[in-house]
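The next block holds one structure in the form of structure tokens; read it before the comments.
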Amino acid sequence: MFISNIKIDGFKNLSNVNIEADENINVICGDNAQGKTNLIESIWLCSGLRSFRNSKDKDLINLNKQSFNINISFENNFRKQIIEYSLSKLNLKDKHIKLNGVSLKNPSDLFGNLCCVVFTPEDLLISKGSPENRRKFIDICASQIKNSYRKVLSQYDEILTQRNFLLKNIGIGKSSIEELDVWDEQMSRLGSYISVIRYAYTKKLNIFSGRLYNEISQSKEKLEIFYESSVFDNLENRSDYNGEMANEYLLKLKNSRHEDIKAGFTTIGVQRDDLISVINGLNCREFGSQGQCRSVALVFKIAQAYILFEETKETPCILLDDVLSELDSKRQHFVLSRISDMQVFITCCEDIKLKGNKGKTFYIKDGKIINR
Ligand SMILES: Nc1ncnc2c1ncn2[C@@H]1O[C@H](COP(=O)(O)OP(=O)(O)O)[C@@H](O)[C@H]1O
Ligand SMILES: [Mg+2]
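Whatever position you read off the sequence shown (first residue = 1), add 10 for the working numbering.
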């Protein structure tokens, strides 16, 4: 799948952008603060996810304009599709989103159409940073191949918020401990389901990243990925998330009630789980060198793209925001060679020489595409 045309106006500093994209490589070149990441962000938004920079909706609209409009055409061998996305300052609650001319209620309804893999410099630290980033990574990956998973995640989050609120109230004597029952039961079923999905994805990730890491390290190092559950000792061959697994989860929640009340939040559950990368037997989080961590991040993103292709039979669109310049030439070559049959958008400050003059380069200045 590839994007054939992008039109953007009023999204942050972008103005009258109209790009006929190359099916293969697109380089977006410009100085700092000219709008390169904004362009990547607007494509990402059309994949149905929230801004990867956590921008607020109102900050997405140009300071001096009333609204933004994004229009993306993308196609595969079978058909051409169009996403229209606009938002006005007059009504920030009401995003106007259309897929092939049909209005959609929520941005998340776009999910699963224009599939993207985004890679930013912050991602390079995924194996070192906080578990939250790794959970977010796996949740995005898993929901790209299973749309319904996103709803379960947001239901779980809602229940977690309610339960934590209740824990604080119990702590100050405003509520009674029995009131936890109703939340714990729902949490157990949803949490068990999330564990099953994440575990299954981790197994796939382990296979693909293991293979890729073997290549990037020239067979010198072995990478293994594990899902670390705070609830289940073993997730292999388990799938009964409405029955046996939920009961086990419930028991753990009940047993930790007193600790939870003391802490004022829920101390066990999928919100505490982690994705562990182990290189040659050592946990990358504690022992990984900067180079190893970067390689892990690279293979994660490439694996994400490969798994998407395996599951959906569509190649995703790869968005590399400022990462190539962060990598040595060996790693640069590795990434580009592994995604050579996918469409990629690469942002950078300096012109990149494209091998065999493949692809297109666009120059961006002050939010506009310019000739150079
Ligand atoms: N809502 C907005 N309205 C106008 N300009 C904005 C808005 N949000 C961000 N910008 C501008 O966008 C520019 C940064 O764009 P960005 O895409 O991050 O640059 P880079 O080319 O370095 O990736 C800054 O000049 C910033 O002032
Ligand atoms: Mg940038």
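Backbone N, C-alpha and C fix where the C-beta goes; we use that ideal spot for every residue, glycine too.
For ligand 2, any of its heavy atoms closer than 7 Å to the Cβ of Lys46? yes
With the cut-off set at 8 Å, would you say Glu30 and Asn15 are in Cβ contact? yes
Are there any heavy atoms of ligand 3 lying less than 7 Å away from the beta-carbon of Gln91, as far as the coordinates show? Ligand 3 is not among the ligands present in this structure, which contains only ligand 1 and ligand 2.
At a cut-off of 7 Å, would you count Asp19 as near ligand 2, judging by its Cβ distance to the nearest heavy atom? no
Per the DSSP calculation, Gln91 is bridged to which residue(s)? Phe84
Checking the sheet assignment: what are the DSSP bridge partners for Glu234? Val288
Cutting at 8 Å between CB atoms, please list the residues of its own chain near Asn290, excluding the five before and the five after it. Glu231, Lys232
For ligand 2, I want to know if Asp332 counts as a neighbour, meaning its beta carbon is within less than 7 Å of at least one of the ligand's heavy atoms. Under cutoff, so the answer is yes.
Beta-carbon contacts of Ser185 that lie in its chain and below 7 Å, excluding the five residues immediately before and after: Leu176, Asn179
Take Lys138 and list the residues in its own chain whose beta-carbon comes closer than 8 Å to its own, dropping the five residues that flank it on each side. Cys294, Arg295, Gly298, Cys303
In the DSSP assignment, what are the bridge partners of His106? According to DSSP, His106 bridges with Ser96.
Alpha-carbon to alpha-carbon, Phe236 and Ile150: One C-alpha to the other measures close to 17 Å.
Residue range of the unbroken beta strand (DSSP E) whose run includes Phe129: Phe129 -> beta strand (DSSP E) spans 126 to 129.
Cβ of Thr357 within 7 Å of any heavy atom in ligand 2? yes
Pull up the distance between the alpha-carbon of Ile136 and that of Leu308, whole angstroms please. Computed Cα separation, rounded: 10 Å.
Please classify Glu387: does DSSP put it in a helix, a strand, or coil? Summary: the structure shown does not reach residue 387, with the chain confined to residues 11 through 382, and so no result is reported for it.
Thinking C-alpha only, which one of Leu100, Thr371, Gly181 is nearest Ala273? Gly181
Less than 8 Å between the beta carbons of Leu215 and Ile169, yes or no? no
Taking just the CA atoms, how far does Arg382 sit from Ile286? For Ile286 and Arg382, the distance between alpha carbons rounds to 46 Å.
Which partner residues does Asp331 have in the DSSP bridge list? As computed with DSSP, Asp331 is found in a beta bridge with Thr357.
Would you list the one or two residues that DSSP bridges to Ile379? Ile374
Pull the bridge partners of Ile71 from the DSSP assignment, please. Phe21
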